[in-house]
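The next block holds one structure in the form of structure tokens; read it before the comments.
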Ligand SMILES: [Zn+2]
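Encoded structure:
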């Protein structure tokens, strides 16, 4: 059977749309509010984008079948500058971008023409992405859709940002930001090539030395080492600049002069001086000490100021550079000795010397210096104490002293901040290299506030994070976050209500918008106009602040409408699950948490975050330059939405990067086709009395239900899907072997029942084809609206599972013997254990081993300690074999054996072995118990029988 995927998928999509199944209003069921980060429409979706949405859709569909009233909405994020830059590049006729639009995404020429207007780009891709989402079968309530520049949403953002300001979360100040010098705008992840968030290190400082009329600034991460300085390093091959900086004159590298011009300083280059001219002269430090300047090739003009301070007692690199100069007989260097200022347990007076010698550092180019530096810096920071050379800071621990010394130097104008880009170079989408800019008197979200961070940590502690191991990454981001510019001067978005020159930036207007989904349908259907959405309205509806009469009088809405909207918000909020890609942990997802705790009461804080890895294509990152981008809609047309969904899900577990390849799509198509074929054949016939293998396969189906349910709840979707489609097949093929051997014709009802479970569970993963299978099975209604199969313990036949395992392993053992001996059997005889003592010992061992114990010594000790089994010490070989038998069984089977009553192995095997044995091996199989009087046992094999492990004779 070859499936016409597009035809089947269209058929079922239309059915869903007709039945309005995914349009969700409050009702009396429990709710789940599942959201996923809305897309930014500046390019069409490729297969990689499909991952997060597909995972969230499976989640939503699963909970709907579990009986929840699930709200799964979608919006489109227009805010920001990317479409502006894109429009400019298109207008300039840039070949790369136009080629991409034409050749990869096949955008019609007449649409490309309109792309000189940024909004046209966003509108075009908005529709494109939305169509793709519909074609993928995402169960979205489209009545709630919005873009972030519609007036209703803008009212909401104005309220959000005003509320944050009133709560003191937005401050005006001077803080460093990542900045595009060409666009004159702050940059964040959305604005950079490769989507990198510019990371600013604001713990880097500049310390000023005097050099005649000039200032010699050097940068350091360790201001406390100012007391141990012995010399400065300058590069003799660099031409330095004499620069007027506000009302001081500095000597710095050209690169540094450029950097500080973004620090809100007046910078004018007035002249030059060669590095070689500085070398050998002296600068003075904060207390007037003369500091010689020595030559160093390793000083890069692009690092800091192009000048470096030397603390040879505590900086391994400085120590080694000094030693190298001394070895060359440099006169000035030979007079210099390290000045130790930090005492650290485990180290002597000159720690840098010790660690260089310990690691065997050869000279200043030695790679081991990195390791030495890292180790010593950390050790001195955590355990070190400042000594008497540090004046009033004597005896301070380094970790506290550092900040005190920094503040003291700053007060005396010896130190300034010199923030740097930790992950430089970062490039803006316009191509320019980003710099650090200190923005003065601008609007910042005060993410550096410790009390705010603490609230966010509380929220994270109580939240379910999937996968759980990423929680620490969230904590690190919260620790590291500091003030963040929340407004821009360019781009699409909402104006700051109190300062209309500024626009709320894209990572600040996308943090609590999930709340707006609960209201947007009223704006979309015209019940409410944007101008009705006043501050008092939002305060009352979202925060339960103020009162109805105030909300009604300012909004001019009826109390009834306000009440309905408030009820809707109260019903759906908080967010039960937020889905997003891993790259958004460091910004969006953390801001989502921070803003919720800032604005809402605890009961409205988000409950769960689900984070997934990205998608690779045949092992490589998807990128235009690699030419390996597959547009999602093209893939759907060629292969069907369900095969694409399953290929995405089955390629990786949640946090792993998924490696997508087209071969897997074909494999999945074939699998689905054969399952559909089977569903078409099965009839819901009445089930007659259950035979052993029926009870077994029905138990296995219960097992499947329980495993898949747990996997989906924990978002281990790959595992769940694999269980439904593949793992269960081996059980089914054993079942088929059994019924064929018995020539049974009465199993359609059983297979019908089992496949109904499977199809229902497949429905969230592959919703279209599951509906088709459901229909073929003759089920009424939609699979997506059916109830998720419930695990029921009453339908698990513990004895049947064990007896069937016994039968399987016996057949396997016989087959193995035949394979090894290569004989054609004339006669096969099976001996089952009937010795009561061996049984007692077996059960005792089972008891000991449940839970993981499999040490022979321990088992033996416990057997001897029990008077009922103490004689087991005479049969160590038997015990060893039983341990081995049980060790190879699953914990689940062991548990089951322990809990259920024993069964008669001889009776079962006599009844069941003959049919399948004859079919498999062509001869009748005789079954004896060890104690039978008429036993045929010419080789004395019977005494080797163990419970669940019959002895076998083949002639
Ligand atoms: Zn730029």
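Numbering (UniProt numbering), first residue to last: 1 to 955.
Note that CB positions come from ideal geometry on N, CA and C, so glycine has one too.
What you are looking at is a predicted structure, and each value in this text was computed from that prediction instead of being measured.
Under 8 angstroms, do residue 275 and residue 234 count as touching if we go by C-beta distance? Start at 1 with the first residue of the chain shown, and residue 275 comes out as number 275. Start at 1 with the first residue of the chain shown, and residue 234 comes out as number 234. Contact: yes.
Verify the CB distance criterion: does residue 409 have a CB-CB separation below 8 angstroms to chain B? Checking the listed chains, one finds no chain B in this structure; it contains a single protein chain.
When the Cα atoms are used, what is the spatial distance from residue 850 to residue 894? Indexing the chain shown from 1 puts residue 850 at position 850. Indexing the chain shown from 1 puts residue 894 at position 894. Whole-angstrom Cα-Cα distance: 6 angstroms.
Alpha-carbon to alpha-carbon, residue 511 and residue 699: As a working mapping, residue 699 is identified with position 699 in the chain shown. As a working mapping, residue 511 is identified with position 511 in the chain shown. Between residue 699 and residue 511, the C-alpha separation is close to 47 angstroms.
Who are the near neighbours of residue 897 in its chain, counting only those whose CB is closer than 7 angstroms to its CB and skipping five residues on each side? As a position in the chain shown, residue 897 is number 897, starting the count at 1. If we look at residue 897 and ignore the five residues flanking it on each side, its Cβ neighbours are 802 and 846.
Contacting residues, own chain, Cβ-Cβ under 7 angstroms from residue 163 (five flanking each side not counted): Here residue 163 is taken as the residue at index 163 of the chain shown, counted from 1. If we look at residue 163 and ignore the five residues flanking it on each side, its Cβ neighbours are 599.
According to DSSP, is residue 433 part of a helix, a strand, or is it coil? Taking the chain shown and counting its residues from 1, one reaches residue 433 at position 433. Strand at residue 433.
Grouping DSSP H, G and I as helix and E and B as strand, with all else coil, what is residue 616? Numbered from its first residue, the chain shown carries residue 616 at position 616. Of the three classes helix, strand and coil, the one that applies to residue 616 here is strand, per DSSP.
Report all residues from its chain with a CB closer than 8 angstroms to the CB of residue 489; omit the five preceding and five following residues, and keep chain order. In the chain shown, residue 489 corresponds to position 489, counting from 1. For residue 489, where only same-chain residues beyond five positions count, the Cβ hits under 8 angstroms are 184, 185, 501, 502 and 503.
From residue 169 to residue 145, what does the alpha carbon distance come to, in whole angstroms? Numbered from its first residue, the chain shown carries residue 169 at position 169. Numbered from its first residue, the chain shown carries residue 145 at position 145. Using only the alpha carbons, I get a separation of about 29 angstroms.
Rounded to the nearest angstrom, how far is the Cβ of residue 697 from that of residue 723, given a contact under 8 angstroms? Locating residue 697 in the chain shown gives position 697, counting from the first residue. Locating residue 723 in the chain shown gives position 723, counting from the first residue. With a Cβ gap of about 15 angstroms, residue 697 and residue 723 do not count as contacting.
Quick check: the stretch 26-42 against the stretch 114-128, are at least 3 beta-carbon pairs closer than 8 angstroms? yes
When the distance is taken between beta carbons, is residue 873 closer than 8 angstroms to residue 947? For this step, residue 947 is matched to residue 947 along the chain shown. For this step, residue 873 is matched to residue 873 along the chain shown. No, the pair does not count as a contact, with Cβ atoms beyond the cut-off.
For the alpha helix (DSSP H) that contains residue 887, what are its first and last residues? Stepping through the chain shown from its first residue, residue 887 is reached at position 887. Taken as a continuous stretch (DSSP letters only), the alpha helix (DSSP H) holding residue 887 covers 876-887.
Short of 7 angstroms in beta carbon distance, which residues of its chain neighbour residue 684, apart from the five on each side in sequence? Order them along the chain. Position 684 of the chain shown, counted from the first residue, corresponds to residue 684. Cβ within range, chain order: 749, 752 and 778.
Check whether the stretch 448-463 and the stretch 588-605 are in contact - that is, three or more C-beta pairs closer than 8 angstroms. yes
Through-space distance from residue 427 to residue 719, alpha-carbon basis: In the chain shown, residue 719 corresponds to position 719, counting from 1. In the chain shown, residue 427 corresponds to position 427, counting from 1. Each residue's Cα considered, the two are about 39 angstroms apart.
Rounded to a whole number of angstroms, what is the C-alpha to C-alpha distance between residue 764 and residue 782? Here residue 764 corresponds to residue number 764 of the chain shown, with the count starting at 1. Here residue 782 corresponds to residue number 782 of the chain shown, with the count starting at 1. The alpha-carbon atoms of residue 764 and residue 782 are separated by roughly 12 angstroms.
Within the stretch 620-699, ranges of the alpha helix (DSSP H) (whole runs, at least 4 residues): 632-639, 641-650 and 662-681
Would you say the beta carbon of residue 635 comes nearer than 7 angstroms to a heavy atom of ligand 1? Along the chain shown, read from residue 1 onward, the residue named residue 635 stands at position 635. No, Cβ of residue 635 sits at least 7 angstroms from all heavy atoms of ligand 1.
To the nearest angstrom, how far is it from the Cα of residue 535 to the Cα of residue 520? To locate residue 535, count along the chain shown from 1; it is residue 535. To locate residue 520, count along the chain shown from 1; it is residue 520. So the two alpha carbons sit approximately 16 angstroms from each other.
DSSP three-state label for residue 464, please. On the chain shown, residue 464 is found 464 positions in, with the first residue counted as 1. Residue 464 falls in the strand class under three-state DSSP.
Span of the beta strand (DSSP E) around residue 951: Residue mapping note: residue 951 aligns to position 951 of the chain shown, counting from 1. Counting along the chain, the beta strand (DSSP E) containing residue 951 begins and ends at 951-954.
Is it true that the CB of residue 301 sits closer than 8 angstroms to the CB of residue 253? Along the chain shown, read from residue 1 onward, the residue named residue 253 stands at position 253. Along the chain shown, read from residue 1 onward, the residue named residue 301 stands at position 301. Their beta carbons are under 8 angstroms apart, which means residue 253 touches residue 301 by this criterion.
Using the three-state DSSP reduction, which class does residue 769 fall into: helix, strand or coil? In the chain shown, residue 769 corresponds to position 769, counting from 1. The answer is helix: DSSP assigns residue 769 an H, G or I state.
Quick test of your reading: residue 497 and residue 161, contact by CB under 8 angstroms. State the CB separation rounded to the nearest angstrom. In the chain shown, residue 497 corresponds to position 497, counting from 1. In the chain shown, residue 161 corresponds to position 161, counting from 1. With 8 angstroms as the limit, residue 497 and residue 161 qualify as a contact, their Cβ atoms being about 7 angstroms apart.
For residue 531, count the other beta carbons within 10 Å of its own beta carbon; 16 or more makes it buried, fewer makes it exposed. Which is it? On the chain shown, residue 531 is found 531 positions in, with the first residue counted as 1. Looking at its Cβ environment, which holds fewer than 16 other Cβ atoms inside 10 Å, residue 531 is exposed.
Let me know if residue 175 comes out buried or exposed under the rule of 16 or more other beta-carbons within 10 Å of its beta-carbon. If you number the chain shown from 1, residue 175 lands on position 175. Buried, because 16 or more other Cβ atoms sit within 10 Å of the Cβ of residue 175.
In the DSSP assignment, the beta strand (DSSP E) including residue 307 goes from what residue to what residue? Numbered from 1 along the chain shown, position 307 holds the residue referred to as residue 307. Residue 307 -> beta strand (DSSP E) spans 307-310.
Of the residues 173, 338, 336 and 359, the one placed nearest residue 448, counting alpha carbons only: Position 448 of the chain shown, counted from the start, is the residue given in the question as residue 448. When each option's Cα is compared against that of residue 448, the closest is 173.
Does ligand 2 have a heavy atom nearer than 7 angstroms to the CB of residue 424? With respect to ligand 2, the structure shown offers nothing to examine, as its ligands consist of ligand 1.
With 16 other CB atoms within 10 Å as the buried threshold, where does residue 212 fall? Within the chain shown, the letter at position 212 stands for residue 212. Residue 212 comes out exposed.
Residue nearest to residue 313 in terms of C-alpha spacing, selected from 228, 360 and 363: Along the chain shown, read from residue 1 onward, the residue named residue 313 stands at position 313. Residue 228 is the option with its Cα nearest to residue 313.
Could you please go through the chain and list the residues whose beta-carbon is closer than 6 angstroms to any non-hydrogen atom of ligand 1? 180, 182, 183, 428, 430 and 432
Pull up the DSSP beta-bridge partners for residue 192, would you. The residue you call residue 192 lines up with position 192 of the chain shown. The partner list for residue 192 (beta bridge, DSSP) reads 428.
Sorted by chain position, which residues of the same chain lie with C-beta nearer than 7 angstroms to residue 591's C-beta, five sequence neighbours on each side aside? Stepping through the chain shown from its first residue, residue 591 is reached at position 591. Excluding positions up to five away in sequence, the list reads 507 and 511.
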